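Colleague:
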Amino acid sequence: MKKRTFGWTREPVAIVGQGTWQMERDDRSAAIKALRRGLDLGMTHIDTAELYGSGAVEEIVREAIEGRRDEVFLVSKVVPDNASYEGTLEACERSLARLGTDRLDLYLLHWPGTHPLEDTIRAFEELVRAGKIRYFGVSNFDKGELQRAVQIAGPERIACNQVLYHLAERTIEHRVIPACEKLAIPVVGYSPFGSGSFPGPQSAIGKALGEIAKQQGATPRQLAIAYLVHKPLLFTIPKASSVKHVEENAPAAELELSTETMKAIEEALPRGRDRDGVPTI
Ligand code: NAP
1 MKKRTFGWTR
11 EPVAIVGQGT
21 WQMERDDRSA
31 AIKALRRGLD
41 LGMTHIDTAE
51 LYGSGAVEEI
61 VREAIEGRRD
71 EVFLVSKVVP
81 DNASYEGTLE
91 ACERSLARLG
101 TDRLDLYLLH
111 WPGTHPLEDT
121 IRAFEELVRA
131 GKIRYFGVSN
141 FDKGELQRAV
151 QIAGPERIAC
161 NQVLYHLAER
171 TIEHRVIPAC
181 EKLAIPVVGY
191 SPFGSGSFPG
201 PQSAIGKALG
211 EIAKQQGATP
221 RQLAIAYLVH
231 KPLLFTIPKA
241 SSVKHVEENA
251 PAAELELSTE
261 TMKAIEEALP
271 RGRDRDGVPT
281 I
């Protein structure tokens with residue numbers, strides 16, 4: 001699995017990682033097996049959150065990474081309701097306990113909330129000083145919110161913006177990606193398969209993607225992943241609870257798309273108009 005520099009942090013991070021949302025609904029041992037197979041294949045960026053299954057998913061991740069913590073770039077998130085200064089410190093402790101680790105590689109504010117961002121960032125900085133998190137970042141922040149976060153935190157403190165990005169939802173290409181590029185902030189695209197709404201082979205879009213993929217010797221989902229990481233600051237975190245799915249997703253990081261292929265994908269699934277804010281799931 002290819003790694004690339006995670007923006008200004010200079011950390012090498014797997015381009016294609018592993019999401020975990022709603023994993024508590026899946027067969028537990030299959031999900032753990034899938035995550036561990038993903039690690040074998042180099043999908044070492046694991047994304048979770050205190051929100052997922054009200055903590056149950058962090059416990060699944062704990063089992064999956066047991067004995068392999070040092071391989072993993074481990075990411076979790078605090079929900080906005082908990083993101084006061086004290087609340088963030090406490091939420092982090094709970095996540096660390098559920099994950100069975102003494103540190104997170106990256107800790108995110110899940111989306112903008114009502115607690116002052118200054119307080120959340122002050123807590124993040126305290127957690128960095130205490131060695132409980134290595135980096136912190138944000139999620140679901142639009143361009144203006146991101147710029148404000150950088151103003152509060154200072155340059156080279158916000159380590160990523162995790163946002164919705166899939167072939168049928170390319171709004172972030174208008175403003176969010178360019179803003180992140182200016183600041184050398186990585187964009188981690190979530191729900192790369194539209195969270196279960198990936199176009200099937202019977203639909204017109206599915207057929208078009210199938211044709212393009214065939215020419216590349218790839219599957220439509222591999223093509224989608226390769227598109228979603230087509231720029232140096234882009235990362236993606238597909239969720240899969242089966243080994244078969246993980247084994248399909250991992251090699252997509254190696255797929256090089258020609259200019260013609262990029263154009264064909266963009267024609268099949270146009271970017272759409274610019275909109276205020278960021279799209280969310
Ligand atoms: P997704 O990754 O777009 O899609 C997941 C779905 O695709 C699952 O049903 C999965 O099935 C299926 N799938 C995966 N690989 C497949 C393959 N090769 N062939 C067929 N089906 C395949 O959805 P997501 O979970 O919404 O997004 C990914 C991650 O992003 C989340 O898990 C979470 O970590 C993160 N996220 C963050 C936010 C945020 O607000 N920051 C919001 C949403 C998501 P199986 O599970 O059965 O394998």
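Going by the numbering used here, the first residue of the sequence shown is number 1, and it counts up by one from there. Backbone N, C-alpha and C define an ideal beta-carbon position, used for all residues, glycine too. All figures in this text were calculated on a predicted structure; none of them were measured in a lab.
With a cut-off of 8 angstroms on the beta carbons, I'd call H166 and G194 a contact; round off their distance for me.
Modeller: That belief holds up - the Cβ atoms of H166 and G194 are roughly 5 angstroms apart, short of 8 angstroms.
Colleague: How would you write the range of the beta strand (DSSP E) that N161 sits in, first residue to last?
Modeller: Residues I158 to L164.
Colleague: Could you pull the start and end residues of the beta strand (DSSP E) that R134 belongs to?
Modeller: Start and end: I133 to S139.
Colleague: In chain order, what residues of the same chain lie with their CB nearer than 6 angstroms to the CB of T171, ignoring the 5 residues before and after it?
Modeller: Taken in chain order, the residues that qualify are R275 and P279.
Colleague: K214 lies in the alpha helix (DSSP H); which residues open and close that run?
Modeller: From DSSP, the alpha helix (DSSP H) with K214 extends over A204 to Q216.
Colleague: Have a look at V138 and A213 and give me their C-alpha separation to the nearest angstrom.
Modeller: One C-alpha to the other measures close to 33 angstroms.
Colleague: Which whole-angstrom value is the C-beta distance of A268 and I177, which I expect to be below 8 angstroms?
Modeller: So it is not a contact: roughly 20 angstroms between Cβ atoms.
Colleague: If you measure between the beta carbons of F136 and N161, is that distance less than 8 angstroms?
Modeller: Not a contact, by the Cβ cut-off of 8 angstroms.
Colleague: Please identify the residue among T219, C180, V188 and M262 whose C-alpha is closest to the C-alpha of A149.
Modeller: Taking only the C-alpha atoms, the option nearest A149 is C180.
Colleague: Whole angstroms is fine: what's the gap from W8's alpha carbon to I237's?
Modeller: Distance between the alpha carbons of W8 and I237 is about 20 angstroms.
Colleague: If you count every other CB in all the chains shown that lies within 10 Å of the CB of S241, and 16 or more means buried, which is it?
Modeller: Classification of S241: buried, given that the 10 Å Cβ count is 16 or more.
Colleague: Considering only residues of the stretch 61–133, which uninterrupted beta strand (DSSP E) runs meet the minimum length of 3 residues and lie entirely inside it, listed in chain order?
Modeller: The stretch 61–133 contains these whole beta strand (DSSP E) runs: 73–78 and 104–109.
Colleague: Between which residues of its own chain and I121 is the CB-CB distance below 8 angstroms, once the five residues before and five after are set aside?
Modeller: Within the same chain, I121 has close Cβ partners F136, A149, I152, A153 and R157.
Colleague: Take the Cβ of G144 as the centre, count every other Cβ of all protein chains shown within 10 Å, and call the residue buried at 16 or more, exposed below.
Modeller: G144 comes out exposed.
Colleague: How big is the Cα-Cα spacing for T101 and R273?
Modeller: Rounded to the nearest angstrom, the two C-alpha atoms are 43 angstroms apart.
Colleague: Can you tell me whether T20 sits near the ligand NAP, meaning its C-beta is under 7 angstroms from at least one heavy atom of the ligand?
Modeller: Result yes, Cβ under 7 angstroms from the ligand NAP.
Colleague: Using 10 angstroms around the beta-carbon of G217, count the other beta-carbons present and answer buried if the total reaches 16, otherwise exposed.
Modeller: That one is exposed.
Colleague: Here's the rule I'm using: 16 or more other beta-carbon atoms within 10 Å means buried, otherwise exposed. How should K132 be labelled?
Modeller: Buried is the call here.
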